[in-house]
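Let me begin by presenting the structure, written as structure tokens, before commenting on it.
Residue numbers (our numbering): 976 to 1191.
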């Protein structure tokens, strides 16, 4: 079975999101085990490693082993599947966002089916690997800029203190202390090597530091 970690969604959605009113039921029957089996096969065919499935859930609903708690209820069906693939002597991180269907497992299944279709394109020599270029994860410096309000929400969520958002946004001292605690809470050493939550906190910290006119 596929080895993967659940992480929170990135603070900025990679690409154009699907409006809620345009989301539909998946045209295919989704079973969690079948979706994971297909995803595992396609990622293995690409030599993929370090698989993460980002879902719209607060960090407190993600267990220490990187899986969702049984009582977790994602706020939306949006997912981002990401993993590393070899590219010469280097590795490239590929990122596949999906939010078209009404259930998050349907969107995971959709990513797996899309990977299968892309591999078939490569098999027949039409693109020769170039079909994956549009899915390379952008470095954080090129991601769309989030607002200070959103950044404060990211820090508050990492601390499982949603009510602290306003104080983090208003008070530089509170923000600085909250950032230190959020970085500690989401550090990869404390989360089995998963970096998505830590990177989200780091990006939010940069925005808040600028907002408060200080240095991180």
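By construction, the Cβ of each residue, glycine as well, lies at the ideal position given by its N, Cα and C atoms. Just so you know, these numbers come straight off a predicted model, no measurement behind them.
- The C-beta distance from residue 1186 to residue 1173 rounds to 20 Å, too long to fall under 8 Å, and the pair is not in contact.
- Looking at the backbone, the Cα of residue 1154 and that of residue 1138 are separated by about 15 Å.
- For residue 1019, the enclosing alpha helix (DSSP H) starts and ends at 1007 to 1020.
- For a cut-off of 8 Å, the C-beta gap from residue 1055 to residue 1083 is around 10 Å, too long to register as a contact.
- Pairwise C-beta distances place the segment 1035 to 1042 out of contact with the segment 1000 to 1016, as fewer than three of them are shorter than 8 Å.
- DSSP places residue 1030 in the strand class (E or B) of the three-state scheme.
- Around the beta carbon of residue 1003, a 10 Å sphere encloses fewer than 16 other beta carbons of the protein chains shown; the residue is thus reported as exposed.
- Listed as beta-bridge partners of residue 1057 by DSSP are 1027, 1070.
- Counting C-beta pairs closer than 8 Å gives fewer than three between the segment 985 to 996 and the segment 1038 to 1050, which falls short of the contact rule.
- Relative to residue 1053, the option among 1047, 1068, 1076 whose CA is nearest is 1076.
- Within the segment 1146 to 1176, complete beta strand (DSSP E) segments of at least 3 residues are not found at all.
- At a Cβ-Cβ threshold of 8 Å, residue 1130 and residue 1178 do not count as neighbours.
- For residue 1130, the enclosing alpha helix (DSSP H) stretches over residues 1123 to 1133.
- Taking C-beta separations shorter than 7 Å and ignoring five residues to either side along the sequence, the partners of residue 990 in its chain run 1072, following chain order.
- Closest in C-alpha terms to residue 1189, from the list 1000, 1019, 1062, 1147, comes 1147.
- Under the DSSP assignment, residue 980 falls in the beta strand (DSSP E) whose first and last residues are 980 to 983.
- Cα atoms of residue 1157 and residue 1125: separation of roughly 15 Å, rounded to the nearest angstrom.
- Per DSSP, the beta-bridge partners of residue 999 are 1076.
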